[in-house]
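As C-alpha cells, the structure follows; a few thoughts come after it.
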Amino acid sequence: MSQPLPVQGESPLISVRDLAVTYDGEANPSVRGCTFSVRRGECVLLAGPSGSGKSTLAMALAGIIPRSIEGVVSGECWLAPSVAKPGKIGYVFQDPEAQFCMHHVDDEIAFGLENLQVSRDEMPERIAQALAAVHLDVHPHAAHARFSGGMKQKLAIACALAMESELFIFDEPTANLDPASTRMVFSMISELRKQGKTLLVIEHKYEALLPVVDRVIALGQNGEQEGVFSTDEWCRRTRHERKVRMQQEIPPAPAAPTGEAALELCDLSLTYGGTKVWAGIDAQVGRGEWIAIVGPNGAGKSSLLETMAGLRRPTQGTVRFSGKPVTSMSARERYSHIAYGFQNPEYQFLYEQVADEMAGRVLGDDMPEDVLDALAAFGLAEHAHASPYALSQGQKRRLSVAVMMRTDADVWLFDEPTYGQDPASEAQILNRLLQLQASGKSIVTVTHDMELVQKYATRVWVLAEGELLYDGAVSELLERQDILQRAHLLDDILPVTDEGPESSADFALEEVRGSLQHVPLQPSLQRRSPIGKWHPDVKALTLLVTAVVCMCCWSFDQVGRLWVLVLVLAFALGWCQPGKMMKRLSPLVIVYVIYLWAFAANAATPSGYRYVHWLWFHISWYGLNQGLLVVLRTFATVILAYMLLVTTDGTDFMVGLSQSLRIVPTMSYGMMAGMGFLGRFGHDIETFRMARRVRGREGWWIVRPVTYALPLLSQSVRISERLAIAMEARGFHGDPANRWNGRTYYRHVALRTRDIAAGGVTVAIALVLWLV
Numbered sequence: 003m004s005q006p007l008p009v010q011g012e013s014p015l016i017s018v019r020d021l022a023v024t025y026d027g028e029a030n031p032s033v034r035g036c037t038f039s040v041r042r043g044e045c046v047l048l049a050g051p052s053g054s055g056k057s058t059l060a061m062a063l064a065g066i067i068p069r070s071i072e073g074v075v076s077g078e079c080w081l082a083p084s085v086a087k088p089g090k091i092g093y094v095f096q097d098p099e100a101q102f103c104m105h106h107v108d109d110e111i112a113f114g115l116e117n118l119q120v121s122r123d124e125m126p127e128r129i130a131q132a133l134a135a136v137h138l139d140v141h142p143h144a145a146h147a148r149f150s151g152g153m154k155q156k157l158a159i160a161c162a163l164a165m166e167s168e169l170f171i172f173d174e175p176t177a178n179l180d181p182a183s184t185r186m187v188f189s190m191i192s193e194l195r196k197q198g199k200t201l202l203v204i205e206h207k208y209e210a211l212l213p214v215v216d217r218v219i220a221l222g223q224n225g226e227q228e229g230v231f232s233t234d235e236w237c238r239r240t241r242h243e244r245k246v247r248m249q250q251e252i253p254p255a256p257a258a259p260t261g262e263a264a265l266e267l268c269d270l271s272l273t274y275g276g277t278k279v280w281a282g283i284d285a286q287v288g289r290g291e292w293i294a295i296v297g298p299n300g301a302g303k304s305s306l307l308e309t310m311a312g313l314r315r316p317t318q319g320t321v322r323f324s325g326k327p328v329t330s331m332s333a334r335e336r337y338s339h340i341a342y343g344f345q346n347p348e349y350q351f352l353y354e355q356v357a358d359e360m361a362g363r364v365l366g367d368d369m370p371e372d373v374l375d376a377l378a379a380f381g382l383a384e385h386a387h388a389s390p391y392a393l394s395q396g397q398k399r400r401l402s403v404a405v406m407m408r409t410d411a412d413v414w415l416f417d418e419p420t421y422g423q424d425p426a427s428e429a430q431i432l433n434r435l436l437q438l439q440a441s442g443k444s445i446v447t448v449t450h451d452m453e454l455v456q457k458y459a460t461r462v463w464v465l466a467e468g469e470l471l472y473d474g475a476v477s478e479l480l481e482r483q484d485i486l487q488r489a490h491l492l493d494d495i496l497p498v499t500d501e502g503p504e505s506s507a508d509f510a511l512e513e514v515r516g517s518l519q520h521v522p523l524q525p526s527l528q529r530r531s532p533i534g535k536w537h538p539d540v541k542a543l544t545l546l547v548t549a550v551v552c553m554c555c556w557s558f559d560q561v562g563r564l565w566v567l568v569l570v571l572a573f574a575l576g577w578c579q580p581g582k583m584m585k586r587l588s589p590l591v592i593v594y595v596i597y598l599w600a601f602a603a604n605a606a607t608p609s610g611y612r613y614v615h616w617l618w619f620h621i622s623w624y625g626l627n628q629g630l631l632v633v634l635r636t637f638a639t640v641i642l643a644y645m646l647l648v649t650t651d652g653t654d655f656m657v658g659l660s661q662s663l664r665i666v667p668t669m670s671y672g673m674m675a676g677m678g679f680l681g682r683f684g685h686d687i688e689t690f691r692m693a694r695r696v697r698g699r700e701g702w703w704i705v706r707p708v709t710y711a712l713p714l715l716s717q718s719v720r721i722s723e724r725l726a727i728a729m730e731a732r733g734f735h736g737d738p739a740n741r742w743n744g745r746t747y748y749r750h751v752a753l754r755t756r757d758i759a760a761g762g763v764t765v766a767i768a769l770v771l772w773l774v
C-alpha cells in the first residue's frame with residue numbers, strides 16, 4: 003500500500019486529513035480516517051466495496067453534507083478558493099432521473115446559471131456551448147424526459163460545464179445505463195480530462211477508465227481509507243483479488259433445456275397510451291435455464307419481465323406457467339412458483355427495519371438466528387436494526403435479493419440483480435443464483451452487464467426496436483455485429499482511448515445520433531388558449547377566488563349560475579377537452595357518486611320531509627338535494643383546478659411566483675417539486691401495488707389507500723430529498739434559494755396590466771352571479 007503522494011510545486015485543489023463523516027442518529031461514522039489530496043487536472047478513482055461510504059465522502063467534499071444532508075464532518079477538509087465558490091463543483095449522480103429539477107433542456111442548464119446570477123442575455127450562448135461540448139445535438143427546448151439514460155447523463159455534464167465547474171464528481175454515473183450509453187459517459191470523462199478538468203469518479207465497472215485515471219483512493223468495508231494507489235499498483239492489487247474471487251466462484255451450470263418449458267410467451271404485445279412498446283414476442287423459458295434479457299435503455303425490458311410475472315397484463319397474447327395462463331392463477335399460487343425482483347429495490351420494502359424485512363414480520367428486539375444468518379450471508383448483519391431506506395444502493399439490492407431467497411419458487415425473475423455492486427458482492431449474488439439454477443430452477447435476468455451475460459447465461463434475448471431481435475446462444479450473438487449495433491450492445495469493456503481510427507468522442511457522437519431517432523429535435527409548439535396566455539400566478543389567484551365563491555353557494559340557483567361561468571372558463575377560454583377531462587377525473591366522479599348516496603341514505607331529515615326506510619338506510623329527497631348541492635359546488639372547484647393544471651406551464655408558474663409575487667425561490671421550487679410528485683402518483687401507485695402483490699400483501703382494494711399512504715409518503719420524502727441534493731449541488735443555497743432577487747432568471751414571465759384586468763373581471767362576474 004502506498005502513502006498519499008506529496009504535492010510539489012502547485013497547491014492541491016482538495017486536501018483532507020483524518021476526515022470522518024457521521025450521519026445524524028448513527029453511532030459510528032460512515033467514513034473515517036481519510037487523508038489525501040487531489041491536484042488540479044487529475045482524474046482520481048474512488049473505489050471500494052458496496053456500502054463503504056464512497057458517496058458519503060464525495061458529498062462531504064462537495065459540501066452537500068452537512069448543508070443538505072444532516073451529519074457531522076470532523077477532521078480537516080480544505081478546498082481551494084476557486085472550487086469553494088458556488089457552482090464550481092459539478093456533481094453527476096448515479097440516477098439520471100434524480101438530478102433534474104426542470105422539464106426542458108435549456109431550463110435545466112440555465113438553472114445553475116441562475117444560481118450564479120449570470121446575466122439572462124449570456125445564458126443562450128452558454129447553453130449552446132455546453133450542449134456542443136457534450137455532443138448533445140438536441141433542440142434547446144426539448145423535453146429531456148424522453149432521452150435515453152446516456153443522453154441524460156450527458157445533459158447533467160452539460161449543466162456542470164455551463165457553470166464552468168472546475169471539479170467534476172461522478173457518483174456511479176453508469177450504474178443504470180446500457181453498454182453504449184456507458185461508453186458515451188466514459189468518453190465524456192476522457193474528454194473532460196483532456197480539457198484539464200479535475201475529476202473524482204466513483205465507479206464499480208472502472209476497468210475501461212483506468213487508462214485516464216491518475217490515482218486510486220480506496221475505502222474499506224467499514225469506511226476507513228485503505229490507501230492511495232497509482233494505477234499500476236491498483237491493477238496489480240485488483241488482479242490478485244480477482245484471481246482469489248474466481249477461485250471461490252461456483253462454475254456456471256451447463257445449459258439445460260430439458261424439453262419442458264417453465265414459462266411460455268405466446269404472441270405477446272404491449273401498448274402504453276397508444277404507443278407500442280413491443281409486439282409479436284414468442285419465446286419460452288426451459289427448466290434449469292438462465293436467460294439474460296438485454297437491449298438499450300427504454301426498450302421495454304422491465305415491462306416484459308413484469309408481464310412474465312403476471313404483474314402487467316399484455317395488450318395481446320398469453321404467458322403460461324406449466325401450461326396454465328399466469329393471469330388465471332391466484333396471486334398466492336402464482337407467486338409461490340414465480341419470484342420477482344424489481345429494478346428499484348425500495349418498492350419491495352414493507353417494513354422500517356432490515357431484520358423485519360428479512361423475517362417478513364415485525365420482530366422488535368428479538369432477532370431469530372435464521373434471520374441473522376440470512377443477513378450475514380449477504381453482508382447485512384450489522385445493519386439488522388437500520389432502516390432499509392438508509393442503506394446504500396448496493397446494500398438495498400442485496401437485501402431485496404436476500405428476502406427473495408427465502409422463498410422456494412420455480413422461476414426467478416430479476417431486474418438488474420447486480421447493479422450498484424462491487425465485484426465481491428456481485429459474485430456473492432450470482433453464486434446464489436447459480437445454486438438455484440443447479441437445483442433445476444429457471445433464472446431470467448434483465449441486465450446491461452455483457453460480461454455477466456457471457457459468463458452465466460445459457461441463452462440470451464435481445465429486445466430492441468419494439469421486437470425480440472434475437473433468441474439464442476450468447477456465442478452466436480457476439481458474432482452478430484448487426485444485432486449488437488441495433489441494440490446498443492457495443493462493448494463497454496474496451497479501454498477509453500484516443501488512439502485508432504475512431505476516437506472516443508466520435509464514437510460517443512455517433513451513439514448520440516443513434517439515440518435521437520425517437521426524440522423530436524424541434525419540439526411541437528401547440529397553440530395556447532386565451533386563459534393559457536394569462537400570467538400563471540394571476541390565473542391561479544383568479545381561479546382560487548372563483549372556487550371560493552363556488553363553495554359559498556347555498557342554493558341551486560347560485561350553483562347553476564356559477565357553473566355557467568366555470569364551463570365558459572374551462573371550455574370556451576381554456577380549451578379543455580371534455581372527453582379527456584372526464585377520463586382523468588373519473589376516479590373522483592366515482593367518489594362523488596358514493597358521497598351523494600351517503601348523503602341521500604344517511605342525512606338527518608327535518609320534520610315535514612318524507613323519508614323511506616330500506617335495510618339500515620334512511621333515504622330522503624332532502625338528503626339527495628343537499629348532497630347534490632354539495633357535489634355540484636365542490637366539483638366546480640375540481641374543474642377549476644384541472645383547468646389550472648392543463649393550461650399552465652409549471653416552470654412559468656414557479657418563475658412568476660418569484661419574479662412577480664416575490665416569493666422566495668425555496669418555496670416556489672418546492673411547489674414545483676410537489677407538482678412533479680403528483681405527475682408520478684399514478685406510476686408509483688401501480689408499482690407499489692405490483693410489489694405488494696409479489697410479497698402477498700396486496701390486501702383488499704378498499705383498504706389499499708390506507709396501506710399505501712405511508713410508503714407513498716416515504717417515497718415522496720425520498721424524491722424530495724434527492725431533488726434538494728441535486729439542486730444544492732448546482733448552487734441552490736444561500737441567497738439564490740432564500741431571496742427572490744438573489745438569482746437571475748432565464749425565463750421572463752411578464753406581469754401585464756391586461757392579465758390583472760382579465761382576472762379582476764372574472765372575479766367580479768363570479769361575485770355578481772353569486773349575489774344576484
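Just remember that the numbering used here sits 2 ahead of the position in the sequence shown, which is counted from 1.
Beta carbons: idealized from backbone N, C-alpha and C, even for Gly.
For clarity, every value in this text was computed on a predicted model and none was experimentally measured.
What does DSSP give as the partner residue(s) for residue i in the beta ladder?
i: W280; result: L272
i: A285; result: L267
i: I16; result: V40 and L81
i: D417; result: V448
i: K326; result: F323
i: G343; result: F416
i: F231; result: V218
i: Y25; result: G73
i: R34; result: E226
i: W292; result: I445
Would DSSP call residue i helix, strand or coil?
i: S2; result: Any answer about residue 2 is impossible in this case: the structure gives the chain only from 3 up to 774.
i: R314; result: coil
i: Q223; result: coil
i: H106; result: strand
i: V74; result: strand
i: L470; result: strand
i: F1; result: Any answer about residue 1 is impossible in this case: the structure gives the chain only from 3 up to 774.
i: I665; result: coil
i: D173; result: strand
i: C552; result: helix
i: C578; result: coil
i: L646; result: helix
Hey, out of the options, whose CA is closest to residue i's CA?
i: A210; options: T449, R217 and S189; result: S189
i: R195; options: V568, V75, L169 and C36; result: L169
i: L545; options: F231, Y644 and R217; result: Y644
i: V776; options: V593, D654, D269 and Q131; result: Residue numbering for the chain in the displayed model covers 3 to 774; residue 776 lies beyond these limits and cannot be assessed.
i: F573; options: R732, Q96, V648 and G198; result: V648
i: V462; options: I485, G468 and S441; result: I485
i: A22; options: P14, R34, E28 and G736; result: R34
i: V230; options: V46, A429, L313 and V120; result: V46
i: L1; options: T309, F113, R241 and V279; result: A question about residue 1 goes unanswered here, because the residues of the chain that appear run from 3 up to 774.
i: R122; options: D108, S622 and T639; result: D108
i: T1; options: A311, L401 and L642; result: No answer is possible for residue 1: it lies beyond the span of the chain, which begins at 3 and ends at 774.
Measure the alpha-carbon distance for residue i versus residue j and round it to whole angstroms.
i: A728; j: S660; result: 20 Å
i: G474; j: V287; result: 12 Å
i: L265; j: A341; result: 13 Å
i: M407; j: Q423; result: 18 Å
i: R238; j: A429; result: 20 Å
Any Cβ of chain C within less than 8 Å of the Cβ of residue i?
i: V640; result: Of the chains in the structure shown, none is chain C; there is only one protein chain.
TODO: Would you check if there are 3 or more beta carbon pairs closer than 8 Å linking the segment 209–228 to the segment 54–73?
DONE: Result yes; three or more Cβ-Cβ pairs closer than 8 Å.
Open item on the list: Does the contact criterion of 3 or more C-beta pairs under 8 Å hold for the segment 313–325 versus the segment 264–274?
Closed with: These segments touch.
TODO: For the segment 728–740 and the segment 658–672, state whether three or more C-beta atom pairs, one from each stretch, are separated by less than 8 Å.
DONE: The answer is yes - the segment 658–672 touches the segment 728–740, with three or more Cβ pairs under 8 Å.
Task: Contact the segment 60–75 vs the segment 210–220: 3+ CB pairs below 8 Å - done: Touching, no.
TODO: May I ask you to verify whether the segment 452–471 touches the segment 289–298, counting CB pairs closer than 8 Å and requiring at least 3?
DONE: With three or more CB-CB distances shorter than 8 Å, the segment 452–471 counts as touching the segment 289–298.
Open item on the list: With three or more beta-carbon pairs closer than 8 Å as the criterion, would you say the segment 157–167 touches the segment 115–134?
Closed with: Between the segment 157–167 and the segment 115–134 there are three or more inter-stretch CB-CB distances shorter than 8 Å, so the stretches are counted as touching.
Task: Given 8 Å, three or more beta-carbon pairs between the segment 77–92 and the segment 752–760 - done: The segment 77–92 vs the segment 752–760: no contact.
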